[in-house]
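Working notes, beginning with the structure itself.
Numbering (our numbering), first residue to last: 1123 to 1354.
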C-alpha cells in the first residue's frame, strides 16, 4: 500500500470541518468563549475555479469575523502573502453582487490569521509572521524610508506539538487529540516502524484509549490512504 505521506494535513482538515469544532478551536486560539449557537459558515477555498488555490480552514463567525487557519509541519516564510491571496479570494466571493463603485459602504468581516505548527524542527511556542517582512526596501532605490508599512497582514503562529501551548490545546479537545495522534505516530517511528505501520498502530492505540475514537472507527482506512506529498 502507498502510504499517505502528508496525512497530517488531510487529517487536520477533515477533523476540523465541523461548525461546533471550529467554534471551539477559535475559542482556544482567541482565548474567548462564544455561545454554542453562534452561527458558523465554512468557506474554505477548494473550488477548481480558483485554479487549485485552496487553504486548510476558513470560516466566518456570525458574519463579523473571518478566520483563516493553516496547518504546517514546516514553517513557510511566505505564509502572510499566501493568506493575503486567500483572504482576497474569500472577500471576492463574499462581495459578489455588491456595488463596490457606489457611494454605499460595503461591510466586510474582521479577518484573523493563524498557523498551527507541529513539525519536528525547533520552534517557539508562538511567533508572528508579517507581510511587511517580505517587502523590498524603497530606500534601496534612494527613496525616503517609510514610517510604517502601507499594507500589512499578521499571522499568529502556534506550536501545537505535544506539551506545547498547553492552555490553547486543552481548550479544544480535538486539537489535544490531534496533537497526541501525531506524537504517537512519531513515537512508533522512532521504535523502528515505517510510517504505514506506525499509523496502523497509532489508530489501534487511539481507538482503544478513546482518542479520536469515533472519527477513526469511521475513517480509519481513509487516514491510511489519503494522497499526500511530504513526510513527517
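Note that the Cβ used here is the ideal one computed from N, Cα and C, for glycine as well.
Just so it is clear, the structure is predicted and the values come from calculations on it, not from any experiment.
Report buried or exposed for residue i, applying the criterion of at least 16 other Cβ atoms within 10 angstroms of its Cβ.
i            : result
residue 1281 : buried
residue 1324 : buried
residue 1220 : exposed
residue 1303 : buried
residue 1306 : buried
residue 1266 : exposed
residue 1301 : buried
residue 1146 : buried
residue 1343 : exposed
residue 1229 : exposed
residue 1283 : buried
residue 1331 : exposed
residue 1256 : exposed
Over what stretch of residues does the alpha helix (DSSP H) that includes residue i continue unbroken?
i            : result
residue 1310 : 1295-1312
residue 1327 : 1317-1330
residue 1204 : 1201-1216
residue 1143 : 1141-1152
residue 1292 : 1288-1292
Since residue i sits in a beta bridge, which residues does DSSP pair it with?
i            : result
residue 1252 : 1276
residue 1239 : 1194 and 1281
residue 1180 : 1190
residue 1163 : 1182
residue 1269 : Residue 1269 pairs with nothing; no bridge assigned.
residue 1234 : 1189
Expressed to the nearest angstrom, what Euclidean distance is found between the alpha-carbon atoms of residue i and residue j?
i            : j            : result
residue 1159 : residue 1326 : 34 Å
residue 1322 : residue 1346 : 8 Å
residue 1340 : residue 1240 : 25 Å
residue 1164 : residue 1316 : 35 Å
residue 1336 : residue 1178 : 22 Å
residue 1223 : residue 1214 : 14 Å
residue 1288 : residue 1261 : 43 Å
residue 1197 : residue 1135 : 17 Å
residue 1226 : residue 1202 : 30 Å
residue 1140 : residue 1157 : 16 Å
residue 1400 : residue 1195 : This structure leaves residue 1400 out entirely; the chain is present only between 1123 and 1354.
residue 1154 : residue 1138 : 18 Å
Sufficient close CB pairs (3 or more, under 8 Å) joining the stretch 1184-1192 to the stretch 1226-1244: A contact exists between the stretch 1184-1192 and the stretch 1226-1244.
Within 8 Å, do at least three Cβ pairs link the stretch 1290-1299 to the stretch 1268-1276? Counting Cβ pairs under 8 Å, fewer than three are found: no touch.
Spell out a yes or no on whether the stretch 1208-1216 and the stretch 1245-1254 are touching, meaning 3 or more CB-CB pairs, one atom from each, closer than 8 Å. The stretch 1208-1216 is not in contact with the stretch 1245-1254.
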